[in-house]
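Residue numbering for the sequence shown follows this note's numbering, starting at 265 and increasing by one per position. Heads up, the beta-carbon is just placed ideally off N, CA and C, and yes, glycines get one too. As structure tokens, the structure follows; a few thoughts come after it.
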Amino acid sequence: MFVERLKTNFGVNEPIFTNEILKTFDEYSRAYVFRLIDEAKNDNSLVNFDTGVYFLPMKTTFGNSTILAEDVVYKKYISYKDEVYGLYSGLFLQNMFNVTTQMPNTIEIISNNESSRKRKTTIGGRTIILRKSRVKINKKNVYAYTILQLFSEISDIKDINDEVRKTVKKYMIENRVTEKDLILLAKYFPSQTLKKIIYGGILYEIT
């Protein structure tokens, strides 16, 4: 009953947080729910991936499947189902737009679900740097926010080469980011951010 309900609500190989389990079984006391969790852990039908994070494994020919730290981070700090509340920053973001070819060892995230200006934590052995969002991130502004975040991190205008411009333009067209979207959101970023977008020729690319 316990595992089957979790499977119905979350599926297998999906990060499940303690608060989600408690909410799913809110007709029971916390103590009883934690007893059910322990029983499921003991028979390996539920795996404790990290503190407060579980998943239902899938049996394979190589043993039970697992999840990645990235899966947990994405659900907890970026997006789940139709809700968007965060985005990647740092080297991961810069790599997306060809500003750098460096592959990050640390995952950097901007999220509504973080209250600190900057906080370091670990999930599944991966180092995560979290920063609170400048303004609430949602499905409507996440793409414009991503562009502004990218340019807020670019320190040298020379890094905005033709390849970067091409990648940014493609991203903006695909996600329907307009000049108006950038200008409206730019007030929450350092003044140099919009200047770098203008001097980098990005606005001209989408007009």
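Under 8 angstroms between C-beta atoms of residue i and residue j
i: Thr391; j: Thr370; result: yes
i: Asn389; j: Pro368; result: It should be pointed out that residue 389 corresponds to Gly in this sequence rather than to Asn. No; because the gap between Cβ atoms is not below 8 angstroms, this pair is not in contact.
i: Ser309; j: Val267; result: yes
Residues near residue i in its chain [Cβ-Cβ closer than 8 angstroms; skip 5 each side]
i: Lys382; result: Ile393, Leu394, Arg395
i: Ile421; result: Lys460, Tyr463, Gly464
i: Phe313; result: Pro279, Phe319, Thr330, Ile331, Val336, Gly388
i: Arg440; result: Tyr407
Cα-Cα separation, residue i to residue j
i: Leu286; j: Ser397; result: 28 angstroms
i: Lys403; j: Thr457; result: 22 angstroms
i: Val428; j: Leu449; result: 21 angstroms
i: Thr442; j: Lys434; result: 12 angstroms
i: Phe274; j: Lys451; result: 39 angstroms
i: Arg269; j: Leu300; result: 12 angstroms
Cut-off 6 angstroms between Cβ atoms - residues of its own chain near residue i, not counting five sequence neighbours on either side
i: Pro321; result: Val311, Asn328, Ser329
i: Thr282; result: Gly316
i: Phe415; result: Thr457, Lys460, Ile461
i: Phe289; result: Val297
i: Glu378; result: Leu394, Lys396
i: Gln366; result: Leu355
Assumed close pair residue i, residue j - CB separation to whole angstroms, cut-off 8 angstroms
i: Leu351; j: Tyr409; result: 6 angstroms
i: Ile387; j: Val336; result: 5 angstroms
i: Asn376; j: Lys400; result: 6 angstroms
i: Ile411; j: Leu446; result: 6 angstroms
What runs of the alpha helix (DSSP H), each 4 residues or longer, lie entirely inside the segment 333-374? 333-337, 354-360
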